[in-house]
Amino acid sequence: MSDSRNFVLGVFDDEDVLLSAVRKVRGAGVKIDEVYSPFPVHGLDEELGYKRSRLPIAAFMFGILGTSLALTMQFWMLGVDWPMIIGGKDFTPLPDFIPVTFELTVLLAAFGMVGTFFVSTDLKPWKDPKMLDLRITDDKHVMAIDLGQNKSVDAQTINSVLKDSGAIEVNDKEVED
Amino acid sequence: MQVTSSVRTPLITGGKTVHDVTEDICRQVEGKPSKSWLLGMGMALTAFGIGFIAVAATLWEGIGMWGLNKTVGWAWDITNFVWWVGIGHAGTLISAVLLLFRQKWRMAINRAAEAMTIFAVICAAMFPVLHMGRPWLGAYWALPLPNTFGSLWVNFNSPLLWDVFAISTYFSVSLVFWYIGLVPDFATIRDRATGVRKKIYGALSLGWNGAAKAWSRYESVSLILAGLATPLVLSVHTIVSFDFATSVIPGWHTTIFPPYFVAGAIFSGFAMVLTLMLVTRKLFKLEDYITIEHIGLMNIVITITGSIVGIAYITEFFVAWYSGVPAEQYAFFNRMQGPYWWAYWSMMTCNVISPQLFWFKKIRTNIAATFIISIIVNIGMWFERFVIIVTSLHRDYLPSSWAMFYPTVYDMGVYLFTFGLFFTAFLLFAKFFPVVNMAEIKSIVKSSSEKQTA
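Respectively, the protein sequence lines represent chains A and B. Residue 1 is where the first sequence starts when you use UniProt numbering, and the numbers rise one by one after that. Residue 1 is where the second sequence starts when you use UniProt numbering, and the numbers rise one by one after that.
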């Protein structure tokens, strides 16, 4: 059994045409697999019906983790494990602990969120991106429609919908999985 | 879709298309290094090599090679440290704060400015590390390691330790921020390349494919990182200023230090960005991306922060007089009229007077004038740190221990070393990495070109 997917690729060269095309194609009942762009197109994720990213929540959780780790570390080290008299002050002065707590909060929030982003988007150095069109990272937006996901619509209709909505080219592409 | 107000002048000139952006930026990465690049690299490596002798001598013989004495225990080392960290403030400020304020002019300069930040922080870190004398043991003193490693827990009450955390967090978060921005651009280079180059840039691009889902997350990550980096930028120089402000030396023990240091850091950082960008722009023919508009806007930031620094100088003086504390009053009188008067007046001329010239639009939009003033500002900011550190230390409460500081050739050599390191790293970056954020610039091509034809 061959594991290949057949795509119809609509190529666009203008982000505003692309946005209206996404609306039209989805309106015609065609399921879009993904849209690839050389730069972030604002509003495209909403047009495609993607949910808002939950990465900010991940960042917040990692930040809280950083805060608690930093406070625990400082209180335990200077308050419990080996209390030291420094300048005749308290063993555990909270105001003095704020800078390190802040820095560790930011550090863990940033690294935790970026790590989550890499995992969720599957970004890793040894990944083969299997580009559908090499112009995606240059200047063309490519709307990929998987024929396997659109059994009810025939390829001819998809082609004409794409052409009507402003695609400059419509190509077929078979991708080995 | 990007909407830009009609009163704004276009940020990209020359009627560029999206494809032109790819060509213009990738050309530097893909072509052979130019003669001027090789010349610059030769000079940077020479400075690096000569400076390395001084670094090696310092490590071999100890920091007695420097001009420090019992009274002036901090001099060029900490001056250079604060100076480099200050320079390292512009990159993250440009990419984080200006992103939050939606200032699109950041897009052409943020990549190079962030690279500069990273290299400047590495140079800064050289000084405290070398000042440890035996840096290979430094981890025991600077990091919270268990007592069995030899010493007690680190002192979390000390601003010097806060600095360790602040600088290392700042460095690593800036590095991540910079790298995230580079990922889509590495993908662009990957898709144009063949062979080994494709493999290397392919690994660097982490398999980026430009999917809408990935972009949506990418945007969200950039925004949150900017939100995290903004207080981080402000915290770093605040904590650096605590190194001085929490002590009792006259001239250091003032509450104005945190905002004053942060303004000074942005001031010197923007000046260094201008120095580098004016050269990069010329060498790499980026005049259509880094326009006179960009230069003018950066000069306005320099004028604002320079004025804040000027007001801080005057405030310090007023407070010294108004406090009625003789030691404090003497410290400021000594800055102006003491043996280091020349350092004080260099600082005043370079930092307070020169940025005021940018009130004139002719000067603000003149490339030669901007280049000269940007260098003057950084000389002035070096003197500011020298004045704060050395003139405060050399004469404090006890006249019997007053002394002078004279730098040795090793002080100068280590400083030269950091210059060599900085420029070597920056030139390597400029050759092998895309110097302008292509993906971001591409997103404003349409709004810019429509305005030009309109």
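Ideal Cβ placement from N, Cα and C applies to all residues, glycine included.
Neighbouring residues, chain A, relative to residue i (Cβ below 7 Å)
i: Ala425 (chain B); result: Residues of chain A passing the Cβ test: none, with the nearest at roughly 22 Å.
i: Asn155 (chain B); result: Ile86
i: His237 (chain B); result: Here the premise fails: no neighbours, minimum Cβ distance about 12 Å.
Per DSSP, cross-strand counterpart(s) of residue i
i: Glu61 (chain B); result: Its beta-bridge partners do not exist; DSSP assigns none.
i: Asp146 (chain A); result: A:Phe7
Reference residue i; option with closest CA among the options
i: Gly134 (chain B); options: B:Met43, B:Gly64, B:Ser168; result: A quick correction: the sequence has Arg, not Gly, at residue 134 (chain B). Among B:Met43, B:Gly64, B:Ser168, the Cα nearest to that of Arg134 (chain B) belongs to B:Gly64.
i: Gly14 (chain B); options: B:Phe426, B:Asp185, B:Ile256, B:Tyr289; result: B:Tyr289
i: Ala214 (chain B); options: A:Gly79, A:Val25, A:Phe39, A:Trp82; result: A:Phe39
i: Leu427 (chain B); options: B:Ala54, B:Lys16, B:Ser36; result: B:Ser36
i: Lys140 (chain A); options: B:Asp20, B:Met107, B:Leu234, B:Leu160; result: B:Asp20
i: Leu421 (chain B); options: B:Ala211, B:Met41, B:Tyr313; result: B:Met41
i: Ala343 (chain B); options: B:Val377, B:Val387, B:Met381; result: B:Val387
i: Val121 (chain B); options: B:Val390, B:Leu145, B:Ser172, B:Met107; result: B:Ser172
i: Ile353 (chain B); options: B:Val390, B:Ala320, B:Ser307; result: B:Ser307
i: Ser34 (chain B); options: B:Gly62, B:Thr79, B:Ile266, B:Ala430; result: B:Ala430
i: Tyr406 (chain B); options: B:Asn209, B:Lys361, B:Pro339, B:Phe419; result: B:Pro339
i: Ser443 (chain B); options: B:Trp105, B:Lys32, B:Ala57; result: B:Trp105
i: Asn366 (chain B); options: B:Gly324, B:Glu328, B:Met298, B:Gly51; result: B:Met298
Endpoints, the beta strand (DSSP E) within which residue i is located
i: Tyr36 (chain A); result: 34-36
i: Glu287 (chain B); result: Careful: Glu287 (chain B) lies outside any beta strand (DSSP E) and carries neither H nor E.
i: Asn171 (chain A); result: 169-176
Where the alpha helix (DSSP H) containing residue i begins and where it ends
i: Ser174 (chain B); result: 159-192
i: Ala155 (chain A); result: 155-164
i: Trp321 (chain B); result: 292-323
i: residue 490 (chain B); result: The structure shown does not extend to residue 490 (chain B), since chain B is modelled only from 1 to 454, so the question has no answer here.
i: Tyr344 (chain B); result: 341-348
i: Trp382 (chain B); result: 367-386
i: Arg26 (chain A); result: 15-27
i: Ser205 (chain B); result: Per DSSP, Ser205 (chain B) belongs to no alpha helix (DSSP H) and is neither H nor E.
i: Pro93 (chain A); result: Neither: Pro93 (chain A) is in no alpha helix (DSSP H) and is coded neither H nor E.
i: Gln74 (chain A); result: 55-75
i: Tyr140 (chain B); result: 138-142
i: Asp45 (chain A); result: 44-47
i: Arg364 (chain B); result: 361-364
Chain-ordered chain B contacts of residue i [CB-CB under 7 Å]
i: Ser37 (chain A); result: Gly210, Ala212, Trp215
i: Asp45 (chain A); result: Ala212, Ser216
i: Val100 (chain A); result: Phe156, Trp162, Phe165
Helix, strand or coil at residue i [DSSP, three-state]
i: His131 (chain B); result: helix
i: Met1 (chain A); result: Residue confidence is low: Met1 (chain A) scores 44 on pLDDT, short of 50, so the model does not pin down where it sits. Its coordinate-derived value is still stated next. Note: Met1 (chain A) maps to coil in three-state DSSP.
i: His253 (chain B); result: coil
i: Lys141 (chain A); result: The question names Lys, but residue 141 (chain A) is His in the sequence shown. In this structure, His141 (chain A) counts as strand in the three-state DSSP scheme.
i: Val435 (chain B); result: coil
i: Gly10 (chain A); result: strand
i: Ala327 (chain B); result: helix
i: Asp396 (chain B); result: coil
i: Ala211 (chain B); result: strand
i: Asp24 (chain B); result: helix
i: Lys70 (chain B); result: coil
i: Lys199 (chain B); result: helix
i: Gly88 (chain A); result: coil
i: His237 (chain B); result: helix
i: Lys442 (chain B); result: helix
i: Ala75 (chain B); result: coil
i: Ile98 (chain A); result: helix
i: Val82 (chain B); result: helix
i: Gln103 (chain B); result: coil
i: Met126 (chain B); result: helix
i: Ala403 (chain B); result: coil
i: Asn155 (chain B); result: coil
i: Pro231 (chain B); result: helix
i: Met1 (chain B); result: Unreliable positioning characterises Met1 (chain B) in this predicted model, as indicated by a pLDDT of 44, which lies under 50. A coordinate reading is not provided.
i: Val30 (chain A); result: coil
i: Asp81 (chain A); result: helix
i: Ile12 (chain B); result: coil
i: Met43 (chain B); result: helix
Beta-carbon neighbours of residue i, restricted to chain A and to distances below 8 Å
i: Val352 (chain B); result: The contacting residues do not exist; Val352 (chain B) stays about 30 Å from chain A at best.
i: Glu384 (chain B); result: Simply none; closest approach about 23 Å.
Proximity test, residue i beta-carbon vs the ligand NAP heavy atom, cut-off 7 Å
i: Ala56 (chain B); result: The model on display carries no ligand, and the ligand NAP is accordingly not part of it.
Within chain B, partners of residue i - CB distance below 9 Å
i: Leu104 (chain A); result: Phe165, Thr169
i: Leu55 (chain A); result: Arg217, Ser220, Val221, Ile224
i: Ser120 (chain A); result: Arg217
Under 9 Å from the C-beta of residue i: neighbouring residues of chain A
i: Ser172 (chain B); result: Leu107, Ala110, Phe111
Partners in chain B for residue i, counting only beta-carbon separations shorter than 8 Å
i: Ile136 (chain A); result: Asp191, Asn209, Gly210
i: Met73 (chain A); result: Pro144
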